[in-house]
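Novice:
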DNA sequence: AGAGGTACCTGGCAGC
DNA sequence: TGCTGCCAGGTACCTC
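Structure follows, in structure tokens:
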């Protein structure tokens, strides 16, 4: 998916078009996403004005007077604002219409995405209640990571990809941050030093900030909300470079599987 | 409680 | 050309 930078980029791209706009229709073509789209979603939304759009973890939150739409892009999800009601393609599952010339279209080939409704405080929703700090806040730092890691035996890569520890760090940026600070992804989380965690936290912040600035990473399915590709891929040094020479030491980069995810690393630099 | 594996789903690609 | 198997940005949920 879209990792955090892609979700953030999507939010920023879509927001100016739909904020303070009134929903006039909701078209659900394929309700079977990760969880079924609530059958009464349309009743909740039509006539409501979008007051606020925010992001928590990789969830987008559309705030209305009567509740909140929680949207996740899953692995392959995408949101675009269309000015015309272009014919829907196979994977265009949901349209949220803001008048006749503004369609927020949710597209998701793999259907791991989700649209949910809550009339409670969304921060208390089961999907969001146990999420760790946002990585770009001061609450997330090396000391925090080190504290959380006491006694943990999971590989450090799985640890930083655990949303309960820190929100929004996915496979690409976890791989990249660990490469930058020369920590082997398989290293047990509890064995990584405080100093290394301080470097790691900074690397995570840096790589996420850069990716957001560049408009997200271009991967197979990802484009920004205006259809332009993200431009970050060219700057990734480890992810996607298995078999190529390490940019630091020229040792051939290798891949290992950690938690069923592929992890590229340098066998020489990353200890 | 923590660790590890499975499941959800489609499409693209390598290899035969 | 066509089949098979594997891989892909996520993460809730299950078992041990």
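In our numbering, the protein residues as written are 44 to 314. Beta carbons are placed, not taken as given, at the ideal position from N, Cα and C, and that holds for glycine.
Just to confirm, is the Cβ distance from residue 76 to residue 148 under 8 Å?
Specialist: Against a cut-off of 8 Å, the Cβ pair of residue 148 and residue 76 comes out as no contact.
Novice: Here's the rule I'm using: 16 or more other beta-carbon atoms within 10 Å means buried, otherwise exposed. How should residue 100 be labelled?
Specialist: Answer is buried; the Cβ neighbour count reaches 16.
Novice: Please report the straight-line C-alpha distance between residue 121 and residue 53, rounded to a whole angstrom.
Specialist: Their Cα atoms are separated by approximately 8 Å.
Novice: Take residue 60 as the anchor and find which of 69, 142, 118 has the nearest alpha-carbon.
Specialist: Considering only alpha carbons, the answer is 142.
Novice: Looking at the unbroken beta strand (DSSP E) that takes in residue 299, where does it start and where does it end?
Specialist: Here the beta strand (DSSP E) through residue 299 covers 297-301.
Novice: Does the structure place the stretch 118-133 close enough to the stretch 162-178 that three or more beta carbon pairs sit under 8 Å?
Specialist: Segments in contact, no.
Novice: Whole angstroms are fine: how far does the CA of residue 280 sit from the CA of residue 290?
Specialist: Whole-angstrom Cα-Cα distance: 7 Å.
Novice: Kindly give me the distance between the Cβ atoms of residue 89 and residue 67, rounded to whole angstroms, as I take these residues to be in contact under 8 Å.
Specialist: About 7 Å; that satisfies the 8 Å criterion.
Novice: Quick one: is residue 213 buried, meaning 16 or more other Cβ sit within 10 Å of its Cβ, or exposed?
Specialist: Under this definition residue 213 is a buried residue.
Novice: Between residue 247 and residue 282, which are expected to be in contact by the criterion C-beta below 8 Å, what is the C-beta distance as a whole number of angstroms?
Specialist: The Cβ separation is near 14 Å, so there is no contact.
Novice: Go ahead and label residue 94 buried or exposed: buried means 16 or more other beta carbons lie within 10 angstroms of its beta carbon, across all protein chains shown.
Specialist: It is exposed - the Cβ of residue 94 has fewer than 16 other Cβ atoms within 10 Å.
Novice: Which residues mark the beginning and the end of the beta strand (DSSP E) in which residue 111 is found?
Specialist: Counting along the chain, the beta strand (DSSP E) containing residue 111 begins and ends at 110-115.
Novice: According to DSSP, simplified to helix, strand and coil, what is residue 294?
Specialist: It is coil, neither helix nor strand.
Novice: What would DSSP say about residue 249, mapped onto helix, strand or coil?
Specialist: Correct three-state label for residue 249: helix.
Novice: DSSP three-state call for residue 309: helix, strand or coil?
Specialist: In this structure, residue 309 counts as coil in the three-state DSSP scheme.
Novice: Checking 8 Å against the spacing of the C-beta atoms, do residue 237 and residue 156 come in under that value?
Specialist: Not in contact: residue 237 and residue 156 (Cβ atoms no closer than 8 Å).
Novice: Among 164, 300, 132, 306, which has the Cα closest to the Cα of residue 221?
Specialist: If we check each option's Cα against that of residue 221, 306 comes out closest.
Novice: Would you call the CB atoms of residue 308 and residue 228 closer than 8 Å?
Specialist: Cβ distance < 8 Å, so residue 308 and residue 228 count as in contact.
Novice: Whole angstroms are fine: how far does the CA of residue 113 sit from the CA of residue 150?
Specialist: Each residue's Cα considered, the two are about 15 Å apart.
Novice: If I follow the unbroken beta strand (DSSP E) through residue 71, where does it start and stop?
Specialist: Counting along the chain, the beta strand (DSSP E) containing residue 71 begins and ends at 68-71.
Novice: Can you list, in chain order, the residues of its chain with a C-beta nearer than 8 Å to that of residue 97? Leave out the 5 residues immediately preceding and following it.
Specialist: For residue 97, where only same-chain residues beyond five positions count, the Cβ hits under 8 Å are 54, 103, 104, 106.
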